Amino acid sequence: MSLLALPASTLAARVKKGEVRAAHVVEESLARIESENPRLGAVLHVGADAARETARRVDDDVSRGIDPGPLAGVPILLKDNISTLGMPTTAGSRILDGYRPLFDATVVEKLRKAGAIPIGKTNLDEFAMGSSTENSAFGVTRNPWDMTRVPGGSSGGSAAAVASAMTPVALGSDTGGSVRQPASFCGVYGLLPTYGRVSRFGLIAFASSLDQIGPMARDLGGVRAVFEVIAGHDPRDATSSIQAPAPARTGPLRVGVAQELLSRPGVETAVAARLEEAAQKLERSGAKLVPVTLPDPDKAVATYYLIATAEASSNLARYDGVRYGLRVPGETVESMMRLTRSAGFGREVKRRILLGTFVLSSGYYDAYYVRAQSHRALLRRAFLKIFEGVDVVLLPTSPTTAFAIGDRTEDPLAMYLADVFTVYGNLAGLPALSVPAGRDAAGLPVGAQLMAPPFGEDRLFAAAEQLEGTGV
Amino acid sequence: MRISEQTIAHLARLAHLDLEPEEMERLTRDLGAILEYVERLADTGETIADDLLPMTWLREDNPMLPLAPGIAVSVAPERHNELFKVPPVLGGDRSKSA
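From first to last, the protein sequence lines are chains A and B.
Quick note, the first sequence lines up with residues 635 to 1106 if you use the numbering used here.
Quick note, the second sequence lines up with residues 731 to 828 if you use the numbering used here.
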């Protein structure tokens, strides 16, 4: 059996015992990327030399009796909006083509210290703006379960790479569902941590009050192991939290079931059926099911797109052709800036910058931005109230399974509605986990989403353990 | 809400973007449809919640060690010694970019 089929924690344990050499694991991973990536388009850059060097250091540590860390010798792929010293970081955008950061993101530093081996960078929708990984300047990524379908997005490269066993684990980023929805489409686990739990230092900003980095893996233990390494306070991220995780709960798990969402128009019958089965499985494991009503999902999507685009229009103002990335020459600094941004940004990014500029412009600010912020506050209050009565909430990750490539590219609103069940977590700053929950009639994976109160990741893992084995 | 091509052109100027006629037409249509969808937030009679961004906590604004200038400019598209080099800031085609 391929070493890459092993859970990350098993692999690390075998490397630490000296039963398997990290150098050998890295070669397997590089070979797998070489054989699978031409058809999937999941990986944008491979850092083979640096990965081999890191593997040698891990093996040296083991031979000298030094513990290389909890992820010893585990190869990991990183979404290409996470800054890496020595590897390009493009955010899937022509405007950052060839850019090489001068520092590692905090999560990358932590992974290296834990013995993990960053091996390459994965494709994404440009600046993480999308739900299909069709918006990348460097080509589309395909779903390993059906090559005519999208892997989801925006962390579609990481999801496809993990699902096709290029590495046991990967990192994505999640602003409105970008870890969980591709995890659902590709049949893997994907975690959105509580806002502030994982440092955003070195993550290329899209919407700073919503962005979080999260792990993806084929097994629950892999997601948990990577999360435990990357979580924690970081003084370099102004919004990094010093709050301790919520204490573990004792007694039977109380699961809020958002039943009315399952009969919503647009929710596929197979998705509803797999969610019903997941609820029954939790009940058979001793959980108490409690019906809950979640805030209006259409309003949540509207709120999300107003806030996310407002923040994006501000964050993306930094791409001006002066300090890094693309420059298209112009006669004056202003014309250089316009020519650079017009050539460097893709269609969806321009659409969101303009929407965000509109939302923040004089005369519309109160009607759109302030009202969206108010809805966001109300939505968070509603969720905190729900969590007074339940430990976790169960709902679909996505209303559908993976859709066909090209299906939604001409209809931005249809694409935005792919996030209808995932934006809750980002807007309310709550942790959420997508768990593989079976397949539809065509064999495409379905994801069940668990949400918990702030800092309640352990509750998500406890509930997900009960669902293990229902997956694909 | 209806949005005009003039509004899109104004937003593009604010965002430092030039739009081709085809892009202008498409964006006018797309933004109109998106704004129609978000209208559901308006006029609901709900009061404005005042605990905006409740999950944000900010650290003290303490200065930290910056990148050395020579390193910072090493990734610049154009540089002169330890400085970022840019075209003239004053003059030129200001009429297009006001």
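From the three backbone atoms N, C-alpha and C, an ideal C-beta is built for every residue, glycine too.
Nothing here was measured: the structure is a model prediction, and the numbers come from that model.
Distance between residue j and residue i (C-alpha atoms, nearest Å)
i       : j       : result
A/T1035 : A/S818  : 8 Å
A/L640  : A/I753  : 17 Å
B/P784  : A/S947  : Bear in mind that a pLDDT of 48 at B/P784, under 50, signals an unreliable position, so the model cannot answer this.
A/S891  : A/L988  : Correcting the residue identity first, residue 891 of chain A is Val in this sequence and not Ser. Straight-line Cα distance between these residues: approximately 38 Å.
A/A1082 : A/V926  : 16 Å
A/T991  : A/L705  : 43 Å
A/D693  : A/A685  : 12 Å
B/I738  : A/V803  : 42 Å
B/E808  : A/V962  : 11 Å
A/R1010 : A/A934  : 8 Å
A/S770  : A/V677  : 12 Å
B/I801  : B/M794  : 16 Å
A/K915  : A/P886  : 14 Å
A/A656  : A/R1073 : 34 Å
A/P722  : A/G824  : 24 Å
A/G1077 : A/D695  : 44 Å
A/S1068 : A/Y999  : 34 Å
A/L950  : A/L960  : 14 Å
B/L771  : A/Q1007 : 11 Å
A/G602  : B/P817  : Look at the range of chain A in this structure, 635 to 1106, and you will see that residue 602 of chain A is not part of it.
B/E753  : A/R776  : 27 Å
A/R972  : B/R743  : 9 Å
Residue closest to residue i, alpha-carbon to alpha-carbon, out of the options
i       : options                          : result
A/A880  : A/A1096, A/L637, A/P1088         : A/P1088
A/R666  : A/A804, A/V1054, A/F1095, A/A795 : A/A795
A/V742  : A/F992, A/M781, A/G806           : A/G806
A/G866  : A/G1072, A/E661, A/R831          : A/R831
A/D731  : A/R908, A/Y958, A/E862, A/D695   : A/Y958
A/P899  : A/P931, A/T927, A/V889, A/R1005  : A/P931
B/S734  : B/H746, B/R756, B/E790, B/P796   : B/R756
A/T756  : A/A750, A/L736, A/T724           : A/T724
B/F814  : A/D738, A/P704, A/V956           : A/V956
A/D780  : A/D1041, A/N671, A/C820          : A/C820
A/K713  : A/E661, A/A913, A/V660, A/V680   : A/V680
A/R883  : A/D1025, A/A793, A/R986          : A/D1025
A/L928  : A/A912, A/G720, A/L711, A/A1062  : A/A1062
A/I876  : A/T828, A/K1019, A/T688          : A/T828
A/G848  : A/T809, A/S663, A/G703           : A/T809
A/G791  : A/A748, A/G675, A/M763           : A/G675
A/G1023 : A/R888, A/V784, A/A841           : A/R888
Closer than 9 Å at the beta carbon, the chain A residues around residue i
i      : result
B/A772 : A1001, Y1002, R1005
Nearest-angstrom beta carbon gap, residue j and residue i [assumed within contact, 8 Å]
i       : j       : result
A/G978  : A/R728  : 5 Å
A/S789  : A/L758  : 6 Å
A/E995  : B/D748  : The identity of residue 995 of chain A in the sequence shown is Ser, whereas the question assumes Glu. 19 Å between Cβ atoms; not a contact.
A/R870  : A/S833  : 7 Å
A/G726  : A/E760  : 4 Å
A/S643  : A/A859  : 5 Å
A/Y938  : B/I764  : Contact doesn't hold; Cβ gap of about 12 Å is too wide.
A/S663  : A/R1042 : So it is not a contact: roughly 32 Å between Cβ atoms.
A/V905  : A/P1033 : 6 Å
A/L1047 : A/A799  : No, A/L1047 and A/A799 are not in contact; Cβ-Cβ is about 35 Å, not under 8 Å.
Per DSSP, the bridge partner or partners of residue i
i       : result
A/G1081 : A/P1070
A/H679  : A/K755
A/S807  : A/I847
A/Y938  : The partner list for A/Y938 (beta bridge, DSSP) is empty, contrary to what the question assumes.
B/F814  : B/R809
A/P1030 : A/A1082
A/Y823  : A/A851
B/I764  : For B/I764, which the question treats as bridged, DSSP gives no partner whatsoever.
B/A772  : Paired residues: none, contrary to the question.
A/R783  : A/A1038
A/R888  : A/K922
8 Å Cβ cut-off: residues of chain B touching residue i
i      : result
A/R898 : Neighbours of A/R898 on chain B: none; closest Cβ ~15 Å, over 8 Å.
A/S976 : L747, D748, L749
A/L736 : L797, I801, A802, S804, V805
Proximal chain A residues relative to residue i, where beta-carbon distance stays under 8 Å
i      : result
B/L761 : R985, L988, L989, F992
B/H810 : The premise fails here: B/H810 is roughly 13 Å from chain A at the closest Cβ pair, so nothing lies under 8 Å.
B/P817 : P963, G964, E965, T966, V967, S969, M970
B/L741 : L988, T991, F992, S995
B/L744 : T991, S995
B/L757 : K984, R985, L988
Chain-ordered neighbours of residue i on chain B, where CB pairs are closer than 9 Å
i      : result
A/T927 : In chain order: nothing, as chain B lies at least about 17 Å away.
A/T903 : Near A/T903 there are no residues of chain B at all, since even the closest Cβ is about 25 Å away, more than 9 Å.
A/P881 : Correct list: empty, because the minimum Cβ distance to chain B is about 20 Å.
9 Å Cβ cutoff, residue i in contact with chain E
i      : result
B/S734 : The chain labelled as chain E is not found among the protein chains of the depicted structure, namely A and B.
heavy atom of the ligand FAD below 8 Å from residue i C-beta
i      : result
B/H746 : Ligands in the displayed structure: none, and consequently the ligand FAD is not present.
Neighbour list for residue i in chain B, Cβ cutoff strictly below 7 Å
i       : result
A/H1009 : L771
A/G1107 : No answer is possible for residue 1107 of chain A: it lies beyond the span of chain A, which begins at 635 and ends at 1106.
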